[in-house]
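K.L.:
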Amino acid sequence: MIVSLHQPNYIPWLGYFYKIYKSDIFIIADDLQYIKRGYINRNQIKTPEGLQWLTIPVDYKYNLKSNINEVHTKDDLGWKEKHLRIIEQYYKRSKYFDDFFYLLKENVMKDYDTISDLNINILKMICEVLDIKTEMILLSDLDIEGDKSERIVNICKYLNADTYLSGHGAKAYNDLELFDKNNINLVYSDFQVKEYKQLWGEFIKNMSVIDYIFNCGFDIKKLFN
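Take the sequence shown: its letters are residues 1 to 225, numbered as in the UniProt record's numbering.
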């Protein structure tokens with residue numbers, strides 16, 4: 001059994017969904033510490049002028065020691081309407097705009113308690129339209145302790161998983177010896193973005209998944225296999 005884990009990011013890139021697709025169980029790490037200027041509250045889309053960030057304002061009474069599932073968004077600043085307006089402006093010419101925009105809008109405009117709730121709901125919606133059926137579990141529901149690699153190993157043992165699929169960004173702190181000692185195979189994602197049709201000039205990789213969906217539709221598995 002393959003398990004992977006990641007924070008609930010905002011409209012993540014294709015590699016995020018590749019990791020979900022290649023896993024039997026995907027752990028949504030909602031109780032990890034919130035990271036400022038990460039991808040939990042922002043991501044990038046493509047415009048005629050190049051990359052543009054879509055950033056969710058968060059309530060700064062929550063400091064960097066807060067967990068992701070404790071951080072609230074500042075909805076009174078109108079960020080939802082702004083993001084949707086920008087997305088519509090730059091993707092309304094895309095082939096699959098009508099197939100996806102209104103579903104995205106419906107999910108963005110819902111009321112959520114935290115940024116974690118928002119991102120998880122959108123994440124599950126996108127997995128559904130992409131026909132990714134991987135089981136998802138909230139890390140906060142597991143009540144498993146440990147620091148970094150120790151906690152991941154404990155999760156794998158609890159779920160009877162023999163393989164942990166990691167992103168390359170975790171190489172700096174993954175404890176290979178600890179995984180080996182517990183008979184858990186540590187592997188790293190081999191995903192590389194294949195060029196696909198985009199609006200606005202030359203191909204730019206690592207955009208939010210919505211860039212792919214608007215331009216190419218819901219058949220994402222041809223990129224993953």
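We put the CB at the ideal spot given by N, CA and C, even for glycine.
Below 8 Å, can you find three or more Cβ-Cβ pairs linking the stretch 115–125 to the stretch 8–24?
P.N.:
yes
K.L.:
Going by Cα to Cα distance, which pick from 167, 146 and 130 is closest to residue 188?
P.N.:
Here the closest residue by C-alpha is 167.
K.L.:
Taking the DSSP output, what are the residues bridged to residue 43?
P.N.:
Bridge partners of residue 43: 54.
K.L.:
First and last residue of the beta strand (DSSP E) that includes residue 185?
P.N.:
185–188
K.L.:
Quick one, which of 126, 137, 69 and 15 has its alpha-carbon nearest residue 106's?
P.N.:
When each option's Cα is compared against that of residue 106, the closest is 126.
K.L.:
Which term fits residue 26, buried or exposed, when burial requires 16 or more other beta carbons within 10 angstroms of its beta carbon?
P.N.:
buried
K.L.:
Would you say residue 28 and residue 138 are within 9 Å of each other, going by their C-beta atoms?
P.N.:
Pairing residue 28 with residue 138 gives a Cβ-Cβ distance under 9 Å.
K.L.:
At a cut-off of 8 Å, is residue 134 close to the ligand ZN when judged by its beta-carbon and the heavy atoms of the ligand?
P.N.:
What this structure holds is no ligand at all, so the ligand ZN is not there to describe.
K.L.:
Using the Cα positions of residue 75 and residue 54, report the straight-line distance between them to the nearest angstrom.
P.N.:
Whole-angstrom Cα-Cα distance: 14 Å.
K.L.:
Closer than 7 Å by C-beta to residue 178: which residues in its own chain qualify, once you throw out the five before and the five after it? Chain order, please.
P.N.:
Excluding sequence neighbours, residue 178 sits near 149, 150 and 153.
K.L.:
Taking the Cβ atom as the reference point for each residue, do residue 218 and residue 99 lie within a distance shorter than 9 Å?
P.N.:
yes
K.L.:
Taking only three categories from DSSP, how would you classify residue 136?
P.N.:
strand
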